[in-house]
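Residue numbers (the numbering used here): -1 to 131.
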């Protein structure tokens, strides 16, 4: 897939298309596979406390069974896989791109949306940001 239409109705080029082009245009494309957007703009980490709706939406989208467990735990006090304060939404250019769980400063789970998996958003990259939390 070379592009998709986002929620605003705009056509967005995928990292697959941009990589086929063979060179970076340096214009901070959302799905830049060459690292330009990550280097210039970076990922923003948003805690559960700062935006519960965003994190819940990502949990539901990236792992629906976790979302159900998460809701049941909140309502009935059952054991959750992760505590609320461990969940962080990842955004790039204000677009939600993934979900990360931290436990005592260690990444215990990382899930990226499909179109953000070829951009260098790795655990080592995220560890460089954790000190900023």
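All C-beta atoms in this analysis are idealised placements derived from N, C-alpha and C, irrespective of residue type, glycine included. Only a predicted model underlies this, so the values are computations on that prediction, with no experimental measurement involved.
Assignment of alpha helix (DSSP H) within the segment 41 to 65, counting only whole runs of 4 or more residues, yields 50 to 60 in chain order. DSSP places residue 86 in the strand class (E or B) of the three-state scheme. Restricting attention to 101, 46 and 26, the CA atom closest to the CA of residue 88 is found in 46.
For residue 121, the uninterrupted alpha helix (DSSP H) segment begins and ends at 121 to 128. Of the candidates 38, 28 and 18, the residue whose Cα lies closest to the Cα of residue 3 is 28. For the 7 Å CB-CB criterion, residue 85 and residue 53 form a contact. Restricting attention to 49, 35 and 101, the CA atom closest to the CA of residue 125 is found in 101.
Secondary structure note for residue 11: its beta strand (DSSP E) is the uninterrupted segment 9 to 11. The shortest C-alpha to C-alpha distance from residue 31 to any of 37, 43 and 17 is the one to 17. Around the beta carbon of residue -1, a 10 Å sphere encloses fewer than 16 other beta carbons of the protein chains shown; the residue is thus reported as exposed. Beta-bridge pairing by DSSP links residue 32 to no other residue.
When the five nearest sequence neighbours on each side are left out, the beta carbons in the same chain lying within less than 8 Å of the beta carbon of residue 39 are those of 26, 90 and 91, in order along the chain. For residue 91, there is no enclosing beta strand (DSSP E), as DSSP gives it neither H nor E. Burial is judged here by how many other beta carbons sit within 10 angstroms of a residue's own beta carbon; residue 23 has fewer than 16 and is exposed.
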